[in-house]
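A short worksheet on the structure shown next.
Numbering (UniProt numbering), first residue to last: 1 to 492.
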């Protein structure tokens, strides 16, 4: 009996790992669960685990988690080619867990911009880029809004009275308010109970979403809402209700001659599509508006918060870098005014430090997942229609061939022999290609303004009797440092 079971298992193993489609190489998988045991046993976050597999199998690998298949790209040239390939611009379909409760709450399928493909993605991306441009997002005329929020955050920091604190909450307050201003047309006071509840939900969602994604790779679990899946569903329903209330308020006050934010602009687009049939009314509808609002809110908070937290981690570990940044700020800007966006060309070491934070922190460690709109032959392999195509940006940013001693925090790698700021083409913190981050300019401005304003006013240091922050990042919606405490003193 044991022999029969062993034979059946061996045959099923061979069948499961058969290569009928000329897929890339990868670790041997098990029936049903695929490569999940490998990723559990290696005890590495997914980006590093993918990179280790690439060292043995080549830059293009195939992995499977339950029902989810993925082709992972692990070097710059491969990512550059794939992310610009016209047939690899879709998003993978959700074939695993989908909550009926969430579908019912939004009235069916809602894609927004993050998970949209084809015309839905093209129309909404064009809309978002144009709307950001019209509002001056990421441009000098938007700078005052960012600087005002940085000032509000620094005022809240002063209330800590030099006591150690975890900066995550205050950073989340500030960056979410910037997104709220652009998207909703309003900001919230930091101690507004509704705002505090929303941010608590956001931070909790970031913690549990990874576990839910692993469980959701097994379709049978979609029939049961438990553990992190149950919590993600519950939180999502609360987000939907919060966003819908704001959308309803905009609907009741809508004035096509007074467009103040993204929701107003989207409603104007919806009205145009209803009257003229262009843009496509199947794209611009209230379901996708709600999804787009959620996309902007989550992506706009988590990436910027994680970037600034990584900055403090590496300043605490490398205080000499913080001193060099402050020295350049004092020499170029002086102590009588705050740095401005237009100053960045005169601050090469500051720019180099920000770039090094983005490289070593690699917030978008797993760049946006793509999918093939049809079967594609790519570098001798088959990429089947709909399969996930994952750019492992982490592997590029820590490739020792591209970045000597990649684990060292060294801003000088972004300075040329004349001390001028320079970026190589393989520096891709916002991914690459048509689907790269549409909020790139806003994210750049936010990080520059917040970092320079903080270091203009404060010096950060490691609190006594607390361990140094860990540089072992954790993968969630973004790649982020574990929680840590920081102390500060105000500069003269």
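No residue lacks a Cβ here, since even glycine has one placed at the ideal position from N, Cα and C.
Proximity to residue i [Cα-Cα], best of the options
{"i": "residue 493", "options": "88, 136, 306", "result": "This structure gives no information on residue 493, because the portion of the chain shown stretches from 1 to 492."}
{"i": "residue 116", "options": "377, 242, 289", "result": "289"}
{"i": "residue 316", "options": "50, 285, 485", "result": "485"}
{"i": "residue 444", "options": "75, 51, 139, 122", "result": "139"}
{"i": "residue 412", "options": "447, 81, 359, 217", "result": "359"}
{"i": "residue 393", "options": "77, 35, 36, 69", "result": "77"}
{"i": "residue 65", "options": "34, 22, 291", "result": "34"}
{"i": "residue 133", "options": "253, 478, 356, 438", "result": "438"}
{"i": "residue 368", "options": "56, 73, 57, 32", "result": "73"}
{"i": "residue 152", "options": "137, 176, 131", "result": "176"}
{"i": "residue 478", "options": "31, 435, 58, 46", "result": "46"}
{"i": "residue 436", "options": "85, 208, 53, 285", "result": "85"}
{"i": "residue 346", "options": "448, 196, 24, 460", "result": "448"}
{"i": "residue 29", "options": "22, 37, 348", "result": "37"}
{"i": "residue 173", "options": "461, 199, 472", "result": "199"}
{"i": "residue 322", "options": "454, 492, 196, 343", "result": "454"}
{"i": "residue 144", "options": "442, 331, 228", "result": "442"}
{"i": "residue 341", "options": "42, 276, 137", "result": "137"}
Rounded C-alpha distance that separates residue i from residue j
{"i": "residue 142", "j": "residue 27", "result": "48 Å"}
{"i": "residue 415", "j": "residue 168", "result": "30 Å"}
{"i": "residue 513", "j": "residue 128", "result": "With the chain covering only 1 through 492, there is no way to say anything about residue 513."}
{"i": "residue 417", "j": "residue 410", "result": "15 Å"}
{"i": "residue 251", "j": "residue 304", "result": "30 Å"}
{"i": "residue 474", "j": "residue 311", "result": "16 Å"}
{"i": "residue 96", "j": "residue 181", "result": "Model confidence at residue 96 stands at a pLDDT of 48, short of 50, so the residue's coordinates are unreliable; what they give is reported in the following sentence. Straight-line Cα distance between these residues: approximately 35 Å."}
{"i": "residue 124", "j": "residue 294", "result": "14 Å"}
{"i": "residue 206", "j": "residue 370", "result": "21 Å"}
{"i": "residue 48", "j": "residue 287", "result": "36 Å"}
{"i": "residue 171", "j": "residue 308", "result": "8 Å"}
{"i": "residue 255", "j": "residue 244", "result": "18 Å"}
{"i": "residue 225", "j": "residue 135", "result": "41 Å"}
{"i": "residue 131", "j": "residue 55", "result": "43 Å"}
{"i": "residue 193", "j": "residue 241", "result": "16 Å"}
{"i": "residue 406", "j": "residue 357", "result": "12 Å"}
{"i": "residue 266", "j": "residue 32", "result": "43 Å"}
{"i": "residue 272", "j": "residue 249", "result": "20 Å"}
{"i": "residue 188", "j": "residue 195", "result": "7 Å"}
{"i": "residue 82", "j": "residue 466", "result": "44 Å"}
{"i": "residue 11", "j": "residue 450", "result": "Its pLDDT being 36, under 50, residue 11 is placed unreliably in this model, and the value from its coordinates should be taken loosely. Whole-angstrom Cα-Cα distance: 58 Å."}
{"i": "residue 296", "j": "residue 253", "result": "22 Å"}
{"i": "residue 491", "j": "residue 460", "result": "10 Å"}
{"i": "residue 423", "j": "residue 331", "result": "24 Å"}
{"i": "residue 514", "j": "residue 197", "result": "What the structure shows of the chain is the stretch from 1 to 492, and residue 514 is not part of that stretch, so it cannot be assessed."}
{"i": "residue 275", "j": "residue 228", "result": "43 Å"}
{"i": "residue 320", "j": "residue 400", "result": "24 Å"}
Pair within 8 Å by beta-carbon distance, residue i and residue j
{"i": "residue 489", "j": "residue 162", "result": "yes"}
{"i": "residue 494", "j": "residue 92", "result": "Nothing about residue 494 can be read from this structure; the chain reaches only from 1 to 492."}
{"i": "residue 463", "j": "residue 164", "result": "yes"}
{"i": "residue 313", "j": "residue 452", "result": "no"}
{"i": "residue 179", "j": "residue 300", "result": "yes"}
{"i": "residue 396", "j": "residue 75", "result": "yes"}
{"i": "residue 61", "j": "residue 50", "result": "yes"}
{"i": "residue 120", "j": "residue 283", "result": "yes"}
{"i": "residue 355", "j": "residue 90", "result": "no"}
{"i": "residue 456", "j": "residue 329", "result": "yes"}
{"i": "residue 471", "j": "residue 22", "result": "no"}
{"i": "residue 270", "j": "residue 257", "result": "no"}
{"i": "residue 25", "j": "residue 71", "result": "no"}
Delimiting residues of the alpha helix (DSSP H) encompassing residue i
{"i": "residue 381", "result": "Where residue 381 is concerned, there is no enclosing alpha helix (DSSP H), although the beta strand (DSSP E) it sits in stretches over 381 to 383."}
{"i": "residue 169", "result": "168 to 183"}
{"i": "residue 78", "result": "76 to 83"}
{"i": "residue 316", "result": "286 to 317"}
{"i": "residue 272", "result": "262 to 276"}
{"i": "residue 349", "result": "348 to 361"}
{"i": "residue 146", "result": "143 to 158"}
{"i": "residue 131", "result": "118 to 135"}
Supposed contact pair residue j and residue i - C-beta distance, whole angstroms, cut 8 Å
{"i": "residue 184", "j": "residue 246", "result": "5 Å"}
{"i": "residue 79", "j": "residue 481", "result": "Their Cβ separation, rounded to whole angstroms, is 24 Å, which puts residue 79 and residue 481 out of contact at 8 Å."}
{"i": "residue 262", "j": "residue 446", "result": "About 16 Å; that fails the 8 Å criterion."}
{"i": "residue 218", "j": "residue 67", "result": "7 Å"}
{"i": "residue 430", "j": "residue 352", "result": "Going by Cβ atoms, the distance from residue 430 to residue 352 rounds to 17 Å, so no, they are not a contact pair."}
{"i": "residue 268", "j": "residue 235", "result": "Their Cβ separation, rounded to whole angstroms, is 31 Å, which puts residue 268 and residue 235 out of contact at 8 Å."}
{"i": "residue 112", "j": "residue 292", "result": "4 Å"}
{"i": "residue 348", "j": "residue 419", "result": "6 Å"}
Enclosing beta strand (DSSP E) for residue i [first to last residue]
{"i": "residue 62", "result": "60 to 65"}
{"i": "residue 490", "result": "487 to 490"}
{"i": "residue 233", "result": "Element bounds for residue 233: not the beta strand (DSSP E) but the alpha helix (DSSP H), 227 to 253."}
{"i": "residue 70", "result": "68 to 73"}
{"i": "residue 388", "result": "388 to 391"}
{"i": "residue 460", "result": "458 to 461"}
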